[in-house]
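Worksheet: the structure to be examined is printed underneath.
There are 2 protein chains.
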Amino acid sequence: MVGSKAGDRKFRIVRTVAEFREQVSAWHRNDLRVGFVPTMGALHVGHMSLIRRAQEMTDRTVASIFVNPRQFGPNEDFAVYPRAEGKDTLLLAEGGVDLLFAPSVEEMYPGGAVTKVSVPGIGDILEGEYRPGFFTGVATVVTKLLLQAQPDVAVFGEKDYQQLLVIRRMVQDLDIPVQIEGAPTEREDDGLACSSRNQYLTENERAVAPQLYQIINAVAERYRKGERPPELTHWGKQALLDAGFGHVDYLEVRDAETLQGLSDPARAARVLVAAWLGKPRLIDNVPV
Amino acid sequence: MVGSKAGDRKFRIVRTVAEFREQVSAWHRNDLRVGFVPTMGALHVGHMSLIRRAQEMTDRTVASIFVNPRQFGPNEDFAVYPRAEGKDTLLLAEGGVDLLFAPSVEEMYPGGAVTKVSVPGIGDILEGEYRPGFFTGVATVVTKLLLQAQPDVAVFGEKDYQQLLVIRRMVQDLDIPVQIEGAPTEREDDGLACSSRNQYLTENERAVAPQLYQIINAVAERYRKGERPPELTHWGKQALLDAGFGHVDYLEVRDAETLQGLSDPARAARVLVAAWLGKPRLIDNVPV
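Chains X and H supply the protein sequences, listed in that same order. Using the working numbering, the first residue of the first sequence is number 1, and each one after it goes up by one. Using the working numbering, the first residue of the second sequence is number 289, and each one after it goes up by one.
Laid out in structure tokens, this is it:
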């Protein structure tokens with residue numbers, strides 16, 4: 001079996017922190033490096049690309065499926081967030097994942113759990129502004145998962161670019177002993193970023209959706225040619241509305257590391273967008 | 289050498305996270321269990337009792353000295369908090385500590401460090417009410433130290449009883465892989481709890497100070513006999529003022545686990561107090 005250093009490799013599902021921790025510890029005792037891909041399930045080719053990245057970098061790969069209630073706002077879609085554990089499990093097993101951790105909410109947050117990890121600044125802007133408490137929920141659950149498993153590498157997608165930066169910041173600030181790896185966004189043939197929420201698009205909306213990617217690429221191209229916010233982002237927002245998007249929460253060109261406004265034109269930039277298309281709210285981003 | 293499983297044991301000081309982590313990892317690779325006692329320096333017999341507890345439980349003992357700016361309020365005594373690294377180092381070396389981690393503020397909080405660990409509820413009352421941000425500062429730095437070192441056991445004193453509970457809560461909530469051990473309060477012959485801040489008492493104040501312990505013991509005794517708040521705590525506060533204390537921030541009989549008001553008389557209780565005596569603010573607590 002490719003990449004196998006010890007014993008046979010069977011796909012296994014565990015639902016308790018104790019089993020999760022014990023399996024990863026056992027691999028570590030055998031000098032196997034462990035890669036981790038935390039997910040909320042409803043898996044698609046985007047998730048599978050993160051898993052392949054983890055497999056390239058390590059000897060054993062763990063995925064988690066946990067729809068984290070603490071990162072959803074009161075008016076958000078926790079209750080109806082897509083859940084498909086049977087299909088997900090099959091995908092992970094076929095994809096060569098070694099271990100799936102799929103805990104209950106009670107296992108992750110036993111009675112009395114109150115501690116929060118927050119990342120002020122980069123966690124308060126853009127997504128953080130439109131989804132108050134979102135990044136605190138993400139930072140807290142990712143801290144827990146990383147300390148439960150203690151993987152060598154954890155892989156996060158650039159699709160959630162701000163989340164990747166928040167997690168990098170948190171891991172550095174709290175001295176969590178793990179390497180955070182970012183993986184490029186997987187896209188449909190027409191450019192639409194793969195997302196669990198795409199399944200809520202109607203056929204007409206699905207036809208419109210790829211314009212999100214086209215328009216932020218156009219914004220990036222215009223930025224390279226010298227156009228600047230706010231005129232540039234105003235142009236982009238109007239283009240989205242003209243294409244059929246319902247509301248644009250934000251479309252910004254920001255410093256690619258800090259997500260602050262760009263003062264130094266020599267620094268790398270990133271175009272980030274969140275816009276509503278029917279029921280789902282879509283996000284995307286591209287480098288400049 | 290007593291308790292030594294591998295090699296010679298020399299006292300060593302490190303100042304970087306990388307060296308701290310590497311030394312503890314090296315011990316773990318040799319199957320040695322590591323005990324950790326985080327301190328803010330200005331060591332006294334109270335700290336040394338925590339170190340002895342760590343030594344009883346593990347094979348190697350690490351202390352840290354770091355006066356954490358993020359747990360002091362703007363009007364608190366960070367700038368004048370006692371620092372005595374020479375004397376502290378001697379005490380630790382003579383006490384058989386294997387490693388001292390004594391980082392700079394810049395090493396612990398490099399530019400851009402923003403992430404916070406907060407423990408709402410138990411971290412907001414009593415000390416948390418009088419020292420806003422205090423327990424967030426404590427929880428954040430203790431999380432960092434625990435993840436830097438990854439000790440098997442970390443020892444905290446019951447002198448800071450609420451801090452011990454906040455840390456237990458945090459470690460449980462974030463799944464930090466460490467055993468938290470509480471150690472009883474060390475006292476002077478006259479009952480005054482050992483504290484770095486005692487050195488700021490004048491001779492007259494030092495003569496008054498032991499009454500803090502006597503009065504909370506009297507409150508505990510009266511509670512056992514059936515007296516109840518608020519009359520009981522009013523009595524205790526008045527007794528402190530009569531003894532010569534300047535201001536009583538709080539004197540409470542609380543649930544020993546949650547620090548909430550006692551609804552169930554069958555649950556264990558704790559008397560907790562914070563009161564000013566001249567320049568220093570003294571805290572103490574006793575079980576009922």
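By construction, the Cβ of each residue, glycine as well, lies at the ideal position given by its N, Cα and C atoms.
Chain H beta carbons: is any one of them nearer than 8 Å to that of residue i?
i                        : result
proline 177 of chain X   : yes
methionine 57 of chain X : no
leucine 174 of chain X   : yes
arginine 169 of chain X  : yes
valine 14 of chain X     : no
valine 17 of chain X     : yes
lysine 5 of chain X      : Annotation note: pLDDT 46 at lysine 5 of chain X (below 50); position unreliable, coordinate value reported separately. With 8 Å as the cut-off, lysine 5 of chain X does not count as an interface residue toward chain H.
Residue i: buried (16+ other C-beta within 10 angstroms of its C-beta) or exposed?
i                        : result
asparagine 30 of chain X : exposed
glutamine 211 of chain X : buried
proline 362 of chain H   : exposed
valine 407 of chain H    : buried
lysine 447 of chain H    : buried
arginine 224 of chain X  : exposed
arginine 542 of chain H  : buried
aspartate 376 of chain H : buried
lysine 298 of chain H    : exposed
glycine 112 of chain X   : exposed
methionine 1 of chain X  : At methionine 1 of chain X, the pLDDT of 40 sits below 50, so the modelled position is not reliable; the number obtained from the coordinates is stated separately. Its Cβ having fewer than 16 others within 10 Å, methionine 1 of chain X is exposed.
glutamate 181 of chain X : buried
leucine 262 of chain X   : buried
alanine 6 of chain X     : Residue placement at alanine 6 of chain X is flagged as unreliable, the pLDDT there being 45, under the threshold of 50; the coordinate-derived value follows with that caveat. It is exposed - the Cβ of alanine 6 of chain X has fewer than 16 other Cβ atoms within 10 Å.
serine 292 of chain H    : For serine 292 of chain H, the predicted structure reports a pLDDT of 44, less than 50, and the residue's modelled location is therefore unreliable. A value from the coordinates is still provided. By the neighbour-count rule (16 or more Cβ atoms within 10 Å), serine 292 of chain H is not buried but exposed.
threonine 143 of chain X : buried
valine 171 of chain X    : buried
arginine 348 of chain H  : buried
arginine 281 of chain X  : buried
List the residues of chain X whose Cβ lies closer than 9 Å to the Cβ of residue i, in chain order.
i                        : result
glutamine 450 of chain H : By Cβ distance, chain X contributes nothing, its closest Cβ being about 14 Å from glutamine 450 of chain H, past 9 Å.
lysine 404 of chain H    : Lys116, Val117, Ser118, Val119, Pro120, Asp173
CB-CB under 6 Å to residue i, same chain, minus the five flanking residues each way: which ones, in chain order?
i                        : result
proline 130 of chain X   : In the sequence on display, residue 130 of chain X carries tyrosine and not proline. Only Asp249 meet the Cβ criterion.
valine 302 of chain H    : Phe308, Phe389
valine 429 of chain H    : Asn356
histidine 335 of chain H : Thr327
arginine 168 of chain X  : Ile180
Return yes when at least one heavy atom of the ligand ZN lies under 7 Å from the C-beta of residue i, else no.
i                       : result
tyrosine 130 of chain X : Inclusion of the ligand ZN in the displayed structure is not the case, the ligand content being empty and no account of it being possible.
For residue i, go through chain H and note every residue whose CB falls closer than 7 Å to its CB, in chain order.
i                        : result
threonine 143 of chain X : Leu462
glutamine 148 of chain X : Asp463
Spatial neighbours of residue i within its chain, please: C-beta separation below 8 Å, excluding the five flanking residues on both sides.
i                        : result
valine 574 of chain H    : Tyr501, Ile504, Asn505, Ala508, Arg558, Val559
valine 576 of chain H    : Ala508, Tyr511, Arg512, Val541, Ala544, Ala556, Ala557, Arg558, Val559
aspartate 461 of chain H : Val407
arginine 300 of chain H  : Gln311, Asp386, Leu387, Leu388
tyrosine 369 of chain H  : Met328, Ala330, Val355, Phe360, Ser484
leucine 380 of chain H   : Phe299, Leu331, Ile339, Ala351, Leu388
lysine 237 of chain X    : Val248, Leu251
In chain X, what lies closer than 7 Å to residue i by C-beta?
i                      : result
alanine 390 of chain H : Within 7 Å Cβ-Cβ: nothing; alanine 390 of chain H doesn't reach chain X, min ~16 Å.
Leaving out five residues on either side along the sequence, give the residues of the same chain with a beta carbon under 7 Å from the beta carbon of residue i.
i                         : result
lysine 567 of chain H     : Tyr488
tryptophan 564 of chain H : Phe533, Gly534, His535
lysine 404 of chain H     : Thr424, Thr428
glycine 383 of chain H    : Met336, Ile339
glutamate 373 of chain H  : Gly329, Ile353, Ala390
Check whether the Cβ of residue i lies closer than 8 Å to any Cβ atom in chain X.
i                      : result
valine 350 of chain H  : no
alanine 401 of chain H : yes
- Message: For the pair the segment 140–160 of chain X and the segment 34–41 of chain X, tell me if three or more CB-CB distances fall below 8 Å.
- Response: With the rule of 3 Cβ pairs closer than 8 Å, the segment 140–160 of chain X counts as touching the segment 34–41 of chain X.
- Decide yes or no for the touch test of the segment 113–127 of chain X against the segment 49–56 of chain X: beta carbon pairs closer than 8 Å, at least 3 of them. Counting Cβ pairs under 8 Å, fewer than three are found: no touch.
- How do the segment 375–391 of chain H and the segment 300–313 of chain H stand: do at least 3 beta-carbon pairs fall below 8 Å, yes or no? Using a Cβ-Cβ distance cut-off of 8 Å, the segment 375–391 of chain H and the segment 300–313 of chain H are in contact, since at least three pairs of beta carbons, one from each stretch, lie closer than that value.
- Does the segment 529–536 of chain H come close enough to the segment 448–462 of chain H that 3 or more CB-CB pairs lie under 8 Å? Under the Cβ criterion (8 Å, minimum of three pairs), the segment 448–462 of chain H does not count as touching the segment 529–536 of chain H.
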